[in-house]
Amino acid sequence: MSRLSYFFKRLVRMDWQAMWRTTALLKERSGKSRLWLLCDMLKCAIRYNAGYVDYKIAQMYKLSDAQRRTVITRGVSNSIVRRMNNKAYWHFFDDKTQFNELFKDYIPRKWLLINEQTSADDLAAMTQGQTQLIGKPLEGSSGQGIERFTDKDWAEGTEAFLRLLREKNIGILEEIVRQHPKMASLCETSVNTCRIATLLGDKQQGIVYAFLRIGNGKVVDNVDCGGMAARIDLETGTLLTVGADKQGNTFTHHPKTGTPIVGFTIPYWEEAKAMCMEAAQKVPQMRFVAWDVAITPDGPTFIEGNSFPSHAIPQFAAHYPDGIGILPEFEKFIDL
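Going letter by letter, the sequence shown gives residues 364 to 699 in my numbering.
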């Protein structure tokens, strides 16, 4: 798809009210007029395939044209995913039960598919000895639809619990991941996961970026649900930056626990990297995958893999104070 045709396609689908709210926020932050911002957004949309969310997250109103060319915008990201990932193989990552089965060597926890064929006996076996379980939709992203269930939910019997799960559109029920105490020290209400993106490129294979997602009081750590993210140094597993959320707020320490974010070192980092690179070879038709990795007391484990990795969170402006985005990192692996 050409840059111009992509621009017009996005124009038709634009959420104009959300864009107008974004210009109000950016007017306050930048001191620039709404007219200037709208014109500059239009310029970035045509020249760099940037949507208004790209513009806000990367703070493109602050950047020179040279800096803007280093930002992977939605249009650029889409073209990378289409080029690197064969859509016929997305289902291994989009369907959580298929993912769990294919990558079971890296997922020791118990899980159960919830559908019309699931029996109360199967569910009773799943709840045996458990006090908490995590339920997820079979497909989905951004942490939407994920719920924590406790033994109170199945206290009235597994038949009633099964009806509840179906009513809530839960497609898979899983054992709770017990995260490493050090990871829990950041935020214990959610499993704080590493997003590690592997790229099987034409020039080289490896990890193109990584960041830690940190919860902020909810059951999930996703930034779309109020969480934050910080960049991980690929060599050491140390957090290089402040935590930042989708609204542009930054944190040197976690606002609820007080744990320092900058300089925090992730346990089992070498093992986590090795696991992702080994798993990346299982479906070579999927050359660009973002893996969500939890760190347990015994080592890393997968939560899920993403066939269409988010391009926005790795480029929070707070994580790139020099204004240079992550496109140069991708160019080490593939030609763009």
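Note that beta-carbon positions come from the ideal geometry of N, C-alpha and C, so glycine has one too. None of the values given here were measured: they were computed from a predicted structure.
Can you grab the Cα-Cα spacing for the pair residue i / residue j, in whole Å?
{"i": "Gln567", "j": "Ile443", "result": "15 Å"}
{"i": "Gly580", "j": "Tyr418", "result": "28 Å"}
{"i": "His616", "j": "Ser553", "result": "17 Å"}
{"i": "Ala483", "j": "Asp378", "result": "44 Å"}
{"i": "Val656", "j": "Ala675", "result": "19 Å"}
{"i": "Gly589", "j": "Leu400", "result": "26 Å"}
{"i": "Thr613", "j": "Leu426", "result": "19 Å"}
{"i": "Gly688", "j": "Thr521", "result": "50 Å"}
{"i": "Met638", "j": "Asp468", "result": "10 Å"}
{"i": "Arg529", "j": "Gln648", "result": "34 Å"}
{"i": "Ala408", "j": "Tyr572", "result": "25 Å"}
{"i": "Ser548", "j": "Pro660", "result": "13 Å"}
{"i": "Gly662", "j": "Ser393", "result": "44 Å"}
Would residue i and residue j be called neighbours here (beta carbons separated by less than 8 Å)?
{"i": "Leu389", "j": "Tyr424", "result": "yes"}
{"i": "Ile535", "j": "Lys459", "result": "yes"}
{"i": "Leu602", "j": "Leu575", "result": "yes"}
{"i": "Arg577", "j": "Ala593", "result": "Here the sequence assigns Ile to residue 577, which means Arg is not the residue at that position. Yes, these two residues count as a Cβ contact at 8 Å."}
{"i": "Asp516", "j": "Leu501", "result": "no"}
{"i": "Ile658", "j": "Gln542", "result": "yes"}
{"i": "Thr561", "j": "Ala451", "result": "no"}
{"i": "Val416", "j": "Leu690", "result": "no"}
{"i": "Phe524", "j": "Leu486", "result": "yes"}
{"i": "Ile666", "j": "Thr490", "result": "no"}
{"i": "Phe696", "j": "Gly564", "result": "yes"}
{"i": "Lys609", "j": "Val586", "result": "yes"}
{"i": "Ile624", "j": "Gly606", "result": "yes"}
{"i": "Ile477", "j": "Ile533", "result": "yes"}
Determine the extent of the beta strand (DSSP E) in which residue i is found, giving its start and end residues.
{"i": "Gly569", "result": "Gln568 to Ile577"}
{"i": "Arg594", "result": "Met591 to Arg594"}
Could you give the residue range of the alpha helix (DSSP H) that holds residue i?
{"i": "Leu562", "result": "Premise fails: Leu562 lies in the beta strand (DSSP E), Cys557 to Leu563, not in any alpha helix (DSSP H)."}
{"i": "Ala387", "result": "Trp379 to Ser393"}
{"i": "Met423", "result": "Per DSSP, Met423 belongs to no alpha helix (DSSP H) and is neither H nor E."}
{"i": "Gly438", "result": "Arg437 to Met447"}
{"i": "Glu464", "result": "Lys459 to Leu465"}
{"i": "Ile409", "result": "Arg397 to Tyr411"}
{"i": "Ala451", "result": "Taken as a continuous stretch (DSSP letters only), Ala451 belongs to no alpha helix (DSSP H), as it is neither H nor E."}
Can you list, in chain order, the stretches of the alpha helix (DSSP H) that have 4 or more residues and sit fully within the region 602-690?
632-643
With three or more beta-carbon pairs closer than 8 Å as the criterion, would you say the region 625-632 touches the region 512-521?
no
In the region 476-564, which residue ranges form an unbroken beta strand (DSSP E) of at least 3 residues, counting only runs that do not cross its ends?
495-499, 510-513, 535-538 and 557-563
Using 8 Å as the Cβ pair cut-off and three pairs as the minimum, do the region 433-449 and the region 667-681 touch?
yes
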